[in-house]
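So the sequence shown is residues 1 to 172, counted in UniProt numbering.
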Amino acid sequence: EEVVPSVIEPSFGLGRIMYTILEHTFHVREGDEQRTFFSFPAVVAPFKCSVLPLSQNQEFMPFVKELSEALTRNGVSHKVDDSSGSIGRRYARTDEIGVAFGITIDFDTVNKTPHTATLRDRDSMRQIRAEVSELPGVVRDLANGSITWADVEARYPLFEGQETGKKETVEE
């Protein structure tokens, strides 16, 4: 007697789907094999943005707190990294875990009116400068897909670097 099974059980579990997503979004920065990052779409990124003070200068902390609270009010999951590492290293750390955008609080934020900060796109590493009060809404709109990074670049000035009091340029 010949038996033909009436049930087919393919092996396609959640683990394979997750591995495929991770493999598809994992990238290495061109020219620097040590700089790896996940390019998750912002809508599925674990954190939509990071808030990064340029240094541990206490003058930055009120702006960090204000931004963090505003991001929370706007429903934007975020991570504050006020560790002592260089800003470039902290950008790299947030890139490695797939954080889509980074807001940097710097000396122009503290010393100039209106208070502005930089917003960095993880994939292109390009930055714009905008008023601190506008950034939570911009990140929210980027994260939910209602605007693109190209829209943001068209609306706000690109940020190339800044002069510090030590006559050196602060860049990534």
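Where is the CB? At the ideal position from N, CA and C, for every residue including glycine.
Handout entry: Extent of the continuous alpha helix (DSSP H) run through Arg16
Key = By 1-based counting over the sequence shown, the position of residue 16 is 16. It spans 14 to 25 - the alpha helix (DSSP H) in which Arg16 sits, taken as one unbroken run.
Handout entry: Rounded straight-line distance, which links the Cα of Phe12 to that of Ile105
Key = Taking the first residue of the sequence shown as 1, we reach residue 105 at position 105. Taking the first residue of the sequence shown as 1, we reach residue 12 at position 12. Their Cα atoms are separated by approximately 45 Å.
Problem - Limits of the beta strand (DSSP E) - the one that Arg129 falls within - result: Taking the first residue of the sequence shown as 1, we reach residue 129 at position 129. First-last of the beta strand (DSSP E) with Arg129: 127 to 131.
Handout entry: Between the CA atoms of Glu69 and Ser83 - distance to the nearest angstrom
Key = By one-based count along the sequence shown, residue 83 stands at place 83. By one-based count along the sequence shown, residue 69 stands at place 69. Straight-line Cα distance between these residues: approximately 19 Å.
Handout entry: Of the listed residues Pro136, Val152, Asp121, nearest to Phe38 (C-alpha basis)
Key = On the sequence shown, residue 38 is found 38 positions in, with the first residue counted as 1. Comparing Cα-Cα distances from Phe38 to each of Pro136, Val152, Asp121, the minimum goes to Asp121.
Exercise for the section: Could you check what DSSP says for Lys112 in three-state terms: helix, strand or coil? Expected result: Here residue 112 refers to the residue found at position 112 of the sequence shown. Lys112: coil per DSSP, three-state reduction.
Practice task
Return yes when the Cβ of Asp81 is within less than 8 Å of the Cβ of Thr72, no when it is not.
Solution key: For the purposes of this step, residue 72 is taken as the residue at position 72 of the sequence shown. For the purposes of this step, residue 81 is taken as the residue at position 81 of the sequence shown. Contact flag unset, no.
Exercise for the section: Report the rounded CA-to-CA distance for Gln58 versus Leu67, giving the unit in angstroms. Expected result: The sequence position of residue 58 within the sequence shown is 58, counting from 1. The sequence position of residue 67 within the sequence shown is 67, counting from 1. Between Gln58 and Leu67, the C-alpha separation is close to 15 Å.
Practice task
Determine the contact status of Arg126 and Pro157, defining contact as a CB-CB distance below 8 Å.
Solution key: On the sequence shown, position 126 is the one that residue 126 refers to. On the sequence shown, position 157 is the one that residue 157 refers to. In this structure, Pro157 does not lie closer than 8 Å to Arg126 by Cβ.
Problem - Residue burial classification, Ala150 (beta-carbon count within 10 angstroms, cutoff 16) - result: The residue given as residue 150 occupies position 150 in the sequence shown. Ala150 comes out exposed.
Exercise for the section: Express the C-alpha separation of Phe107 and Lys167 in angstroms, rounding to a whole number. Expected result: As a working mapping, residue 167 is identified with position 167 in the sequence shown. As a working mapping, residue 107 is identified with position 107 in the sequence shown. With a pLDDT of only 39 at Lys167, under 50, the local geometry of the prediction cannot be trusted, and no value is derived from it.
Handout entry: Cβ pair count under 8 Å reaching 3, the region 5 to 20 against the region 40 to 60
Key = no
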